């Protein structure tokens, strides 16, 4: 038995050694880490396959893209704490500004890619249950008593911040610019939220799979995807009278690519986002392409007409809106801790 | 440590209780119902969901590079964590059971720490201690090029932490019970330290060691919380099977749902294999088992 025990010990140690050797081999390939936000799982799965083909044709080399998804606020935190992202693809400028502030991305990244590094956009709509039993038509229906609203936590989710700002902008327009009224309106809305998930996909799962709530404030892409996957009878999209243009931002994480020597690969990955083929991938996955003329007109039909305001017009950009509304002790903290 | 097979056999032959048969029947029925509802049905659901779109769809999961990488990483993590904890467990149990030194009881409590600390807390502490922008993490990364957090070593480390007590916990009570008599006899007959260990101590504890290793292995492959915090969820790189199951589950493609449950079925299958090995060994070596436990 003692010999068997020895043999057992020896073989486990050997197995561990072989595994580690295998690992070293795996690292010899081109790898790229794309750290992204919650609802882009399906999008970047398709895009990564597309990019691997493009890169192979261009350089003859194989590339393996690792995508990481979660609430963008939480993802930003991970990158700042050292998650080795080569590129980041986030739902709002404020997220990337936070990484810039941590010294990982050089200032001026907005000018590195076309359209202020914003290859596609989206907006915020409502998803309600089939037949719209609560009769939800616009933002003011969300503050009514007895309506349960599902939206993620603006502290950890970028999409949730767009939701919050869109609601704020709606009430501003209704009251002719009364900031106090807007604050009360948004506070009333969050009183109707039974659960704050950390990311947009978490909220969608709460609404769709766990069947909690009457209305989901959702990314347009997330709402359209839910309709496609679960059938039009189960859910309906309600387009509010006003929403916000969600400008998605992408950037190279300078410090990480310089350390790893992957700048060229990272740049190619983000450049390719602007090609006609990629723009078609966005439209197919329900993101609004930057160049609508380069995609199938059929894929554009699913995007409803919405009156869109921008964060620059109404809130003075992310540099101002981020600390004011979502910083520690900001407006969200004030309204959410009140009750 | 009680053995279900042995006690069941004893009970049938000389039942010390005198309950009427309806009471016995009710107790047995209750046990069966609870086990069925809480354990068997959920397990069946996993397999039913996995095969929801047919066996072909379920098998196609294993052509997805992310799933393959997750399985590979999980096996790698177990292959490192289990031997590490085995060696540590033997060493710790030896020290605690065979020597007398101040702070022994405290040391046992410390070994139990991973049982009582939430795995998420453990993960966060490692991120704050070894992250690339902390002093230790930066030194490892810049001087040695070793990335710990958000990389494979961190996943291994978290798993070792969580599964730390399993082997030691199985061995300590047994070795304390057995005392040092056998070793003293061996040494007085001229055996060296290593000989004593290989020929006396190890055979005495091999069953407890095996249980510890099996439990440790099951937990190492199933760990979610600590690994979730440390991995950064880079698909195909730092995602283990439990994390990949959650990622699939959160995707909206019908295929992803099948993939989630196919992978869950593999994980459940590995647990069942572990259980089967344990039961088979118990059955096969029942006599030896009874002998080593005589003094227990």
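Protein chains in written order, with our numbering: chain U, 917 to 1255; chain R, 1318 to 1613.
Beta carbons: idealized from backbone N, C-alpha and C, even for Gly.
As the structure is a computational prediction, the values presented were derived from the model and not from experiment.
If you run the structure through DSSP and keep just helix, strand and coil, what is residue i?
i                       : result
residue 1151 of chain U : strand
residue 898 of chain U  : It is not possible to answer for residue 898 of chain U, since the shown part of chain U is limited to 917 through 1255.
residue 1172 of chain U : helix
residue 1134 of chain U : strand
residue 938 of chain U  : Bear in mind that the predicted position of residue 938 of chain U carries a pLDDT of just 40, short of 50, making it unreliable; the figure below should be weighed with that in mind. Helix.
residue 1223 of chain U : coil
residue 1206 of chain U : coil
residue 1597 of chain R : helix
residue 1066 of chain U : strand
residue 1540 of chain R : coil
residue 1366 of chain R : helix
residue 1235 of chain U : helix
residue 1466 of chain R : coil
residue 1042 of chain U : strand
residue 1164 of chain U : coil
residue 923 of chain U  : Because the pLDDT of residue 923 of chain U is 49, which lies under 50, any placement of that residue in the model is unreliable, and the question is left without a value.
residue 1159 of chain U : strand
residue 1296 of chain U : Outside the shown range of chain U, which is 917 to 1255, sits residue 1296 of chain U, and nothing can be said about it.
residue 1508 of chain R : coil
residue 1554 of chain R : coil
residue 1251 of chain U : helix
What are the boundary residues of the beta strand (DSSP E) that residue i is part of?
i                       : result
residue 947 of chain U  : 946–952
residue 1211 of chain U : Unbroken run through residue 1211 of chain U: none, as it is neither H nor E.
residue 979 of chain U  : 979–984
Residue i lies in the alpha helix (DSSP H); which residues open and close that run?
i                       : result
residue 1518 of chain R : No alpha helix (DSSP H) contains residue 1518 of chain R, which DSSP labels as neither H nor E.
residue 970 of chain U  : 957–975
residue 1005 of chain U : Run containing residue 1005 of chain U: none in the alpha helix (DSSP H); it sits in the beta strand (DSSP E), 1003–1006.
residue 1121 of chain U : 1116–1124
residue 1079 of chain U : 1074–1091
residue 1469 of chain R : 1469–1480
residue 1402 of chain R : 1382–1415
residue 1197 of chain U : 1192–1200
residue 1561 of chain R : 1558–1567
residue 1460 of chain R : 1452–1461
residue 1426 of chain R : 1421–1428
residue 1277 of chain U : Outside the displayed range of chain U (917 to 1255) lies residue 1277 of chain U, so it cannot be described from this structure.
residue 991 of chain U  : 988–996
residue 1026 of chain U : No alpha helix (DSSP H) holds residue 1026 of chain U; DSSP gives it neither H nor E.
residue 1499 of chain R : 1498–1505
residue 1376 of chain R : 1372–1377
residue 1341 of chain R : 1338–1352
residue 1418 of chain R : Element bounds for residue 1418 of chain R: n/a, residue is neither H nor E.
Listing by chain order, which chain U residues have their CB less than 8 Å from the CB of residue i?
i                       : result
residue 1544 of chain R : Within chain U, no residue comes near residue 1544 of chain R; the closest Cβ sits about 14 Å away, beyond 8 Å.
residue 1570 of chain R : 958 and 1145
Going by the beta-carbon positions, is the gap between residue i and residue j smaller than 8 Å?
i                       : j                       : result
residue 995 of chain U  : residue 1169 of chain U : yes
residue 1102 of chain U : residue 1042 of chain U : no
residue 1239 of chain U : residue 1228 of chain U : no
residue 1067 of chain U : residue 982 of chain U  : no
residue 1537 of chain R : residue 1444 of chain R : no
residue 967 of chain U  : residue 1185 of chain U : yes
residue 952 of chain U  : residue 1039 of chain U : no
residue 1561 of chain R : residue 1374 of chain R : no
residue 1155 of chain U : residue 1105 of chain U : no
residue 1198 of chain U : residue 960 of chain U  : no
residue 1406 of chain R : residue 1484 of chain R : yes
residue 1034 of chain U : residue 1164 of chain U : yes
residue 1020 of chain U : residue 1176 of chain U : no
residue 1573 of chain R : residue 1565 of chain R : yes
residue 1576 of chain R : residue 1384 of chain R : yes
Indicate whether at least one CB of chain C lies closer than 8 Å to the CB of residue i.
i                       : result
residue 1470 of chain R : Of the protein chains in the structure, U and R, none is chain C.
Against residue i, what residues of chain R qualify as contacts under a CB-to-CB distance less than 8 Å, listed in chain order?
i                       : result
residue 1137 of chain U : Per Cβ cutoff of 8 Å: no residues; residue 1137 of chain U is ~11 Å from chain R at best.
residue 994 of chain U  : 1467 and 1549
residue 1258 of chain U : The requested residue 1258 of chain U is not part of the displayed model; chain U covers only 917 to 1255.
Can you round the beta-carbon distance between residue i and residue j to whole angstroms, since I take them to be within the 8 Å contact cut?
i                       : j                       : result
residue 1413 of chain R : residue 1481 of chain R : Not quite, the Cβ-Cβ distance comes to about 14 Å (not below 8 Å), so this is no contact.
residue 1200 of chain U : residue 957 of chain U  : That belief does not hold up - the Cβ atoms of residue 1200 of chain U and residue 957 of chain U are roughly 14 Å apart, past 8 Å.
residue 1491 of chain R : residue 1525 of chain R : 5 Å
residue 1310 of chain R : residue 1543 of chain R : Residue 1310 of chain R lies beyond the residue range present for chain R, which begins at 1318 and ends at 1613; the question has no answer from this structure.
residue 1211 of chain U : residue 1196 of chain U : 5 Å
residue 1452 of chain R : residue 998 of chain U  : Not really, about 13 Å apart at Cβ, beyond 8 Å.
Taking residue i as the query, report the chain U residues whose CB atoms sit under 7 Å from its CB, ordered along the chain.
i                       : result
residue 1553 of chain R : 980 and 982
residue 1444 of chain R : 997
residue 1495 of chain R : Ordered by position in chain U, no residue passes the 7 Å Cβ test against residue 1495 of chain R, which lies about 17 Å from the chain.
Taking C-beta pairs closer than 7 Å, name the residues in chain R that residue i reaches, listed in chain order.
i                       : result
residue 1000 of chain U : 1464 and 1467
residue 949 of chain U  : 1551
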